[in-house]
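Report on the following structure.
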Amino acid sequence: MKTEKLTIRKMTTEDLFPLYHVPSDSEVMEYLEPPFSMEAAKQFLYKAGICETPLLWAVEDARKVFIGYLQTVTLKEKENEDGKIRTDSKWRFL
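For the sequence shown, the working numbering begins at 191 and goes up steadily by one.
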């Protein structure tokens, strides 16, 4: 999906380093869970982003810079929750 300002796309292995900076930030993760290590981010990427049915989608700005991700979580059968995880400095223009 693409708009003038954002692109939502499938995750790739190249997203590991920029992805790591989001869940490793204690301010971003304050109300979610403890900040991730690099290994935890790698497992998260492969388990939820690079798989047959991804739950994570990369979000890029107009310059193709990774600014965060969208995540779908299954709460109960036929019931999903969607959310965005980002660093505030990257989303000020929204």
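Glycine included, every Cβ here is placed at the ideal spot set by N, Cα and C.
Could you name the residues of the same chain whose beta carbon sits closer than 7 Å to that of residue i, not counting the 5 residues immediately before and after it, in chain order?
i      : result
LYS232 : LEU206
MET228 : TYR210
PRO175 : No answer is possible for residue 175: it lies beyond the span of the chain, which begins at 191 and ends at 284.
LEU235 : MET201, ASP205, LEU206 and LEU209
From this set, the options, which residue's C-alpha is nearest residue i's C-alpha?
i      : options                   : result
TYR210 : PHE226, THR203 and ARG199 : PHE226
VAL263 : LYS254, LYS237 and ARG253 : LYS237
PHE256 : ILE198, THR193 and GLU194 : ILE198
Count the other CB atoms within 10 Å of the CB of residue i; is the residue buried (16 or more) or exposed (fewer)?
i      : result
TYR221 : exposed
PRO347 : Outside the displayed span of the chain (191 to 284) sits residue 347, for which this structure offers no information.
Between the segment 212-225 and the segment 240-250, do at least 3 Cβ pairs fall closer than 8 Å? no
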